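Student:
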Amino acid sequence: MSVAGDALRLAVGTLTVLPVAPPRSLDGARPGVAMVLAPVAVLPLAVVTGAAVWLGDALQAPPLLTAAVAVSLLGLGSGGLHLDGLADTADGLSVPGDRERRLTVMRTGDVGPVGAATLVLVLLVQVAALAGVVSAYGGRAALTAGLAVVVSRASLAAACVRGVPAARAGGLGSAVAGAVPRTAAVGVVAVVGAAAVLVDGGHGVVGVVLAAALAGVVLHRARARVGGVTGDVLGACVELALAGYLVGQVVTLPGG
């Protein structure tokens, strides 16, 4: 099995609930290539999310209901992995104490009040922003919704760029932290940025900037509080990048 084949299996198996054979090896460049291929690996989720938006508009469902269904399907399609990471990251980075205590809180997986509140608020922002896009664009919002999925997963390549350390040994974060060459990360961002311009024009540029900014804030906070990234931190980057891209669409609409 080639490096690319193993990497794609790793990305699909980690980022979606699609049944795939596990990679035969995780050595060498495979973890980094997997993060570079993350936007490709989630194309089935992007199609499902976009299809839900298109169908909701075709059936003349309320935009809020359409958006809620699309976001729910996306969460189910990713196995809730990133949502769990968002909640755990919010709890871990907010708890007082030293680095080890914060990592312990993140590792336990129990959702505390800060994590629960963050999860609800971010989901509300995602649904409300997507509903605004559906109201403004109608069926064409399906393209924007699908692209938002791809853009959000592109944040993984940037978050795993060389120079960003793992917060602890073991786990997904340790395997992929610092595994993506800088040129590859820049390439991924450039490609999704170009796609955003083609699909959403200036709105897409604003969305990519907001997505990158929110993911960057999470990374900066994680490095300051726990010393680097974990799998949970990467999940938080994905969810906030998704919210950022969608918000970027509605705030640039006339009257937005």
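Letter 199 of the sequence shown, counting from 1, is numbered 199 in my numbering, and no numbers are missing.
Ideal Cβ positions, reconstructed from N, Cα and C, are used throughout, including at glycine.
Everything numeric in this text was worked out from a predicted model, so none of it was measured.
Is A243 near V125, with beta carbons less than 8 Å apart?
Tutor: Stepping through the sequence shown from its first residue, residue 243 is reached at position 243. Stepping through the sequence shown from its first residue, residue 125 is reached at position 125. Cβ atoms of A243 and V125: closer than 8 Å.
Student: May I ask you to report which of helix, strand or coil DSSP gives A179?
Tutor: Against the sequence shown, residue 179 aligns to sequence position 179. A179 falls in the coil class under three-state DSSP.
Student: Beta-carbon of V20 versus every beta-carbon of chain D: anything under 8 Å?
Tutor: Within the model displayed, chain D is absent; a lone protein chain is all it includes.
Student: With H, G and I counted as helix, E and B as strand and the rest as coil, what does DSSP make of V191?
Tutor: Mapped onto the sequence shown, residue 191 falls at position 191. Here V191 sits in helix by DSSP.
Student: Alpha carbon to alpha carbon, how far is S2 from G112? Give it in angstroms, no decimals.
Tutor: Position 112 of the sequence shown, counting from 1, holds the residue named residue 112. Position 2 of the sequence shown, counting from 1, holds the residue named residue 2. Distance between the alpha carbons of G112 and S2 is about 42 Å.
Student: Suppose the cutoff is 6 Å on Cβ atoms and the five residues either side in sequence are ignored; what does the same chain contact list for A154 look like?
Tutor: As a working note, residue 154 is residue 154 in the sequence shown. Cβ neighbours of A154 beyond the five flanking positions: P39, V188, V192.
Student: Please indicate yes or no: does the CB of G139 lie closer than 7 Å to some heavy atom of the ligand MG?
Tutor: Ligands are entirely absent from the displayed structure, and the ligand MG is therefore not among its contents.
Student: A141 by DSSP, collapsed to three states: which one?
Tutor: Numbered from 1 along the sequence shown, position 141 holds the residue referred to as residue 141. Correct three-state label for A141: helix.
Student: Find out if the Cβ-Cβ distance for the pair V229, A177 is shorter than 8 Å.
Tutor: Residue mapping note: residue 229 aligns to position 229 of the sequence shown, counting from 1. Residue mapping note: residue 177 aligns to position 177 of the sequence shown, counting from 1. Taking 8 Å as the Cβ cut-off, V229 and A177 qualify as a contacting pair.
Student: Output yes or no for whether 8 Å exceeds the beta carbon distance between A87 and T118.
Tutor: Along the sequence shown, read from residue 1 onward, the residue named residue 87 stands at position 87. Along the sequence shown, read from residue 1 onward, the residue named residue 118 stands at position 118. Yes, the pair counts as a contact, with Cβ atoms nearer than the cut-off.
Student: V122 and L240 look like a contact to me (Cβ under 8 Å); what is the Cβ gap, rounded to whole Å?
Tutor: What you label residue 122 is simply residue 122 of the sequence shown in a count that begins at 1. What you label residue 240 is simply residue 240 of the sequence shown in a count that begins at 1. Contact holds; Cβ gap of about 7 Å.
Student: Going by beta carbon distance, what residues of the same chain come within less than 7 Å of G231, once the five residues before and after it are set aside?
Tutor: Position 231 of the sequence shown, counted from the first residue, corresponds to residue 231. Here the set comprises G85, G171, L172, G173.
Student: According to DSSP, A166 sits in a beta bridge with which residue or residues?
Tutor: Start at 1 with the first residue of the sequence shown, and residue 166 comes out as number 166. A166 pairs with V229.
Student: Run the CB neighbour count on Q249, radius 10 Å, all protein chains shown included, and call it buried at 16 or more, exposed below.
Tutor: Against the sequence shown, residue 249 aligns to sequence position 249. Label assigned to Q249: buried.
Student: Taking the C-alpha atoms as reference points, what is the distance between G132 and V20?
Tutor: Position 132 of the sequence shown, counting from 1, holds the residue named residue 132. Position 20 of the sequence shown, counting from 1, holds the residue named residue 20. Answer to the nearest angstrom: the Cα atoms are 35 Å apart.
Student: Starting from the C-beta of A41, find all residues in its chain whose C-beta is less than 6 Å away, skip the five residues before and the five after it, and write them out in chain order.
Tutor: Counting from 1 along the sequence shown, the entry for residue 41 is found at position 41. The answer, listed in chain order, is A11, V12, L15.
Student: Would you kindly work out how many angstroms separate the C-alpha atoms of L234 and L156, rounded to a whole number?
Tutor: As a first step, residue 234 is located in the sequence shown; it is residue number 234 there, counting from the start. As a first step, residue 156 is located in the sequence shown; it is residue number 156 there, counting from the start. Cα to Cα, L234 sits roughly 6 Å from L156.
Student: Do G32 and A179 have their beta-carbon atoms positioned less than 8 Å apart in this structure?
Tutor: Here residue 179 refers to the residue found at position 179 when the sequence shown is read from its first residue. Here residue 32 refers to the residue found at position 32 when the sequence shown is read from its first residue. Yes, they are a contact pair.
Student: Do you know how far the Cα of V71 is from the Cα of Y137?
Tutor: Stepping through the sequence shown from its first residue, residue 137 is reached at position 137. Stepping through the sequence shown from its first residue, residue 71 is reached at position 71. So the two alpha carbons sit approximately 17 Å from each other.
Student: For A222 and A167, which I take to be in contact (beta-carbon distance under 8 Å), what is that distance rounded to the nearest angstrom?
Tutor: Residue 222 sits at position 222 when you count from the first residue of the sequence shown. Residue 167 sits at position 167 when you count from the first residue of the sequence shown. Going by Cβ atoms, the distance from A222 to A167 rounds to 7 Å, so yes, they are a contact pair.
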